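Numbering (mature numbering (1 follows the signal peptide of the UniProt record, and there is no 0)), first residue to last: -26 to -1, 1 to 307.
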């Protein structure tokens, strides 16, 4: 005769096994539904263009639709806050840069989130930056620009423009002034179009911006001039062909910056989801069409990062720009 306790125990084990199997089947692997890609700027700009280069290849990698959503405002904070308000499940990606996630919280008192609330999954592209000057500025190299800034600092400080207080380009201009020991006057604009219009019209002395086709066209027309790239070395981008870097001179050597774009999730997102997204974005980076289209936008294709590398990179960039912001006494407004 079978022992009743053993029989009951076997039945319980069988039922538990069935329940575990059902639960495993119920937990669908990520992703099991469309993924939203948040662009914190209006449609039609460079950020939007990058997102629309990425969403289809990323969709193929993930096996689910990737939908681009544009939500501009507050230096990218509106889009960032929407992502932070969504579940930390990887279905809401943020396309961002140091501009929105590191500097904006330091410059805008209304922004309450911290960069640590996000986790970098993968970089996608890096935009080299150049120093542009009005056509008649008496400086044709980085060293000549530094010498001019120092010689005119007391009588008439040089003016530099940016797309707004606390922006990446404002911070770099202030950092440049501090680095060379020559006070300069910041002129903020509401967007790149009026900024470039005034530079072309001679109302500004110089700006620091990512290289663009518009700048090349204006330089060819003789309306502005490109002083130097602030990359550490020359790149293969056609837009920068023949343009020296600041490291080829003496007075701005080491003043090297570029602005990168990457994809972020909430920090609490499960590790396996972060790994899945990272693998998919690495696949996107190897797509020949994506690479050529990024280069057509004057961006260098980012090197794929493992999760731990992405974490270290984001932490280092956050520390770097916080230190610069502190050094130039950037105060939230």
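All residues carry an ideal CB built from backbone N, CA and C; glycine is no exception.
Since the model is a prediction, treat every value here as computed from it, not as a measurement.
Residue 301 versus residue 156: straight-line alpha-carbon distance, rounded: When rounded, the separation of the alpha-carbon atoms in residue 301 and residue 156 is 15 angstroms.
Simplified DSSP assignment, three categories, for residue 203: strand
Outcome for residue 148 when other beta-carbon atoms lying within 10 angstroms are tallied against a minimum of 16: buried
Buried versus exposed, by CB contacts within 10 Å (16 or more), residue 292: Label assigned to residue 292: buried.
Cβ neighbours of residue 207 in the same chain (closer than 8 angstroms, five flanking residues each side left out): 219, 221
CA-to-CA distance, residue 67 to residue 41, given in whole angstroms: 10 angstroms
At least three beta-carbon pairs within less than 8 angstroms, the segment 270 to 278 to the segment 111 to 130: Contact fails: fewer than three Cβ-Cβ distances are below 8 angstroms.
Within 8 angstroms, strictly: CB atoms of residue 4 and residue 64: yes
Assigned secondary structure, residue 136 (DSSP; H/G/I helix, E/B strand, else coil): strand
Proximity of residue 295 and residue 76 at Cβ, strictly below 8 angstroms: yes
Helix, strand or coil at residue 240 [DSSP, three-state]: strand
Residue 150, DSSP secondary structure in three states: Here residue 150 carries a helix assignment [DSSP, helix/strand/coil].
Straight-line gap, residue 12 to residue 69 (C-alpha atoms, nearest Å): 6 angstroms
Coarse secondary structure for residue -15, derived from DSSP in three states: At residue -15, the pLDDT of 47 sits below 50, so the modelled position is not reliable; the number obtained from the coordinates is stated separately. Helix, per DSSP.
DSSP state of residue 83 mapped onto helix, strand, coil: coil
Endpoints, the alpha helix (DSSP H) within which residue 53 is located: Note, residue 53: alpha helix (DSSP H), 51 to 59.
Beta-bridge partners of residue 96, as assigned by DSSP: 237
Candidates 146, 125, 139, of which the one nearest residue 232 by Cα: 146
Pick from 113, 44, 34, 38 that is closest to residue 20, judged by C-alpha positions: 44
Cut-off 7 angstroms between Cβ atoms - residues of its own chain near residue 165, not counting five sequence neighbours on either side: 137
Exposure of residue -4, with buried meaning 16 or more beta-carbon neighbours within 10 Å: A caution first: residue -4 carries a pLDDT of 36, below 50, which makes its placement in the model unreliable, though a value can still be read off. Result: exposed.
Proximity of residue 93 and residue 264 at Cβ, strictly below 8 angstroms: no
Inter-residue CB distance, residue 50 and residue 25 (contact presumed, cutoff 8 angstroms): Not really, about 13 angstroms apart at Cβ, beyond 8 angstroms.
Reduced DSSP category for residue 2 - H, G, I as helix; E, B as strand; rest coil: coil
8 angstroms Cβ shell around residue 82 - same chain, five flanking residues per side excluded: 48, 49, 51, 140, 306, 307
Residue 122 beta carbon less than 8 angstroms from that of residue 113: yes
Those residues which DSSP pairs with residue 70 across a bridge: As computed with DSSP, residue 70 is found in a beta bridge with 236.
Reference residue 177, options 163, 185, 183, closest by Cα: Distance check between residue 177 and each of 163, 185, 183 places 163 closest, using alpha-carbon atoms only.
Simplified DSSP state of residue 108, which is helix, strand or coil: strand
Cβ-based neighbour list, residue 10, same chain, cut-off 6 angstroms, excluding 5 preceding and 5 following: Closer than 6 angstroms at the Cβ level, and outside the excluded window around residue 10, lie 41, 43, 66.
Beta-carbon gap between residue 96 and residue 252 smaller than 8 angstroms: yes
Opposing strand residues paired with residue 283 [DSSP bridges]: Beta-bridge pairing links residue 283 to no other residue.
Residue environment, residue 125, which counts as buried when at least 16 other CB atoms sit within 10 Å: Answer is exposed; the Cβ neighbour count stays below 16.
Spatial distance of residue 170 from residue 91 (CA atoms): Within the model, the alpha-carbon separation for residue 170 versus residue 91 is close to 34 angstroms.
Per DSSP, cross-strand counterpart(s) of residue 16: Answer is none; residue 16 lacks a bridge partner.
Below-8 angstroms beta-carbon distance, residue 93 vs any chain D residue: Any reference to chain D falls outside this structure, which holds one protein chain only.
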